[in-house]
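S.K.:
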Amino acid sequence: MNKWRDLTNRTWGSLKNTTWREVKLEEIAPFKYGKSKVAKERITGKYDVYSSGGHCGYSDDMLANKGIIIGRKGSVGTVYYSDKPFFAIDTAFFIDSVDKQSDLKFIYYLLTTLKLEEYNNDAAVPGLNRNLAHKLKLQIPDLETQEKIADVLSTYDELIENNNRRIEILEKTAEEIYKEWFVRMRFPGHENTKFIKGIPEGWEVKRVGDLVNVTSSKRIYSKEYVENGIPFYRSKEVIELSKGNFISTELFIAEERYEEIKDNFGVPQIGDILLTSVGTIGIPMLIKEDDPFYFKDGNLTWIQASSKIEFSSYLYAWICSDFGQQQIKSSTIGTSQSALTITKLNKIKIIIPNEIILTKFNKNITIIQESINNLLKQNQNLIKQRDLLLPRLMNGTIEVK
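Residue 304 in this note's numbering sits at position 296 of the sequence shown, and the numbers go up by one each step.
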């Protein structure tokens, strides 16, 4: 119990400015419980549905017009904000109202700094202890200052979201080009092309394994992890990086171990693709930078496309397309937890265009990918700046005028 006493006695914030006041979280923003709604009940609807893991579907029911969602079970302490009506399921708490001296958006940003994951009352089944969280002592400024702080941080989030929308449009454009050229077969010059058994003359159907080498990493044991060194990625890091999200690296291996692997077995190069292959299947990460890292075997498959760079963008576009995803998903094995084996991936057949069409496609896709990469880098910088600013604004180190 000493752990909980220490946590609840901790004071978050600063009294450097005398206009700041000390309150308990329950006094300004009490948590409400989400309600049960099984997966089949959140397939369609006009309102977003949130769980502890974030957005998880849609519903015609709503619990709040806008508000904060906090992870209660599973992803304990995660914090999300919705400025639209939403429904929160029973793995989450939500806040839809605050006292008259508080700003809802400010409270959202404040909650992201509180390390709520520490208020977990069950090691076996993680769950955020509402009573402990409610007793948190906070130092918060006057309402006007809260609104100014929320406005500054919201500006960063709006820029990030705007970039995300632009990225989504570009990704859909790339997928549409792939679909138009290689599924509908309306590629440049298709009108004058002879087709043989549904395939343009000069094109081929090949197995993935005949095009590139598909493999995995060398096993890294937990005893080999070090405090600092070369980043070591698992599926969850690869999924976040594939979205361009800024991550906080949790695992590292020694530089000497990395160099040993690099010299004897090789490491991912620019143009290679990592593919999630257990549980969450088919999420690709195209290697675009030469920053050193290594990755976990088993859950991730390594497509060594850098050796045939002309196929790298094409393979990546195929994987990202609905058509490619269907092929990949239909090749998985397992019932309780699906998996895509190297053998199965190697056997998937894909259409390979002639050199002229492949070159034209790569030219189009490269322009799109470069635009996406630039937006992702902008977002990473914005996230870094926001996250550096956030604690300073919340403890009064930086004054907002």
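C-beta atoms are modelled at their ideal positions from N, C-alpha and C, and glycine is treated no differently.
Because the structure is a prediction, the values reported are computed rather than measured.
What is the DSSP secondary structure of residue 405, counted as helix, strand or coil?
M.R.: Along the sequence shown, one-based indexing puts residue 405 at 397. Reduced to three states, the DSSP call for residue 405 is coil.
S.K.: Label residue 406 either buried or exposed according to how many other C-beta atoms from any shown protein chain fall within 10 Å of its C-beta, with 16 as the threshold for buried.
M.R.: As a position in the sequence shown, residue 406 is number 398, starting the count at 1. It counts as exposed.
S.K.: Would you check if the distance between the CB atom of residue 227 and the CB atom of residue 107 is smaller than 7 Å?
M.R.: On the sequence shown, residue 227 is found 219 positions in, with the first residue counted as 1. On the sequence shown, residue 107 is found 99 positions in, with the first residue counted as 1. In this structure, residue 107 does not lie closer than 7 Å to residue 227 by Cβ.
S.K.: Flag this pair as touching only if the stretch 147-167 and the stretch 336-354 have three or more C-beta atom pairs under 8 Å; answer yes or no.
M.R.: No, the stretch 147-167 is not in contact with the stretch 336-354.
S.K.: In the DSSP assignment, the beta strand (DSSP E) including residue 101 goes from what residue to what residue?
M.R.: Translated into the one-based positions of the sequence shown, residue 101 becomes position 93. Where residue 101 is concerned, the enclosing beta strand (DSSP E) stretches over 100-103.
S.K.: Going by alpha carbons, who is nearest to residue 339 out of 372, 387, 290?
M.R.: One-based indexing of the sequence shown puts residue 339 at position 331. When each option's Cα is compared against that of residue 339, the closest is 290.
S.K.: So, at 6 Å on beta carbons, what are the nonlocal neighbours of residue 75 in its own chain, with the 5 sequence-adjacent residues on each side left out?
M.R.: For the purposes of this step, residue 75 is taken as residue 67 along the sequence shown, with counting starting at 1. Hits under 6 Å: 102, 103, 104.
S.K.: Starting from the Cα of residue 318, find the closest Cα among 175, 371, 209 and give me that residue.
M.R.: Locating residue 318 in the sequence shown gives position 310, where the first residue counts as 1. Here the closest residue by C-alpha is 371.
S.K.: Which residue's Cα is closest to the Cα of residue 294: 302, 281, 286?
M.R.: On the sequence shown, position 286 is the one that residue 294 refers to. Answer by Cα proximity: 281.
S.K.: Opposite residue 361 in the DSSP bridges: which residues?
M.R.: On the sequence shown, position 353 is the one that residue 361 refers to. Bridge partners of residue 361: none, in fact.
S.K.: Nearest to residue 171 by alpha carbon, out of 388, 404, 402, 396?
M.R.: Position 163 of the sequence shown, counting from 1, holds the residue named residue 171. Nearest option by C-alpha distance: 388.
S.K.: Looking at C-alpha atoms only, which residue of 183, 361, 82, 32 is the closest neighbour of residue 197?
M.R.: Counting from one through the sequence shown, the residue named residue 197 turns up at place 189. Out of 183, 361, 82, 32, 361 has the C-alpha closest to the C-alpha of residue 197.
S.K.: Quick one: any contact between the stretch 58-67 and the stretch 83-102, if contact means 3 or more CB pairs under 8 Å?
M.R.: Cβ pair count under 8 Å is three or more, so yes.
S.K.: Quick check: the Cα distance between residue 194 and residue 188, rounded to an integer number of angstroms?
M.R.: Here residue 194 is taken as the residue at index 186 of the sequence shown, counted from 1. Here residue 188 is taken as the residue at index 180 of the sequence shown, counted from 1. Taking the straight line from one Cα to the other gives about 6 Å.
S.K.: What are the start and end residues of each continuous alpha helix (DSSP H) run of 4 or more residues lying completely inside the stretch 29-114, in chain order?
M.R.: Those alpha helix (DSSP H) runs which fall completely within the stretch 29-114 and span 4+ residues are 33-36.
S.K.: To the nearest whole angstrom, what separates the beta carbons of residue 211 and residue 359, a pair I think is in contact under 8 Å?
M.R.: The count along the sequence shown starts at 1 and reaches residue 211 at position 203. The count along the sequence shown starts at 1 and reaches residue 359 at position 351. Correct: roughly 6 Å between the Cβ atoms.
S.K.: With DSSP run on the structure shown, which of helix, strand or coil describes residue 221?
M.R.: Along the sequence shown, read from residue 1 onward, the residue named residue 221 stands at position 213. Strand at residue 221.
S.K.: May I ask you to report which of helix, strand or coil DSSP gives residue 345?
M.R.: Here residue 345 corresponds to residue number 337 of the sequence shown, with the count starting at 1. The answer is coil: DSSP assigns residue 345 none of H, G, I, E or B.
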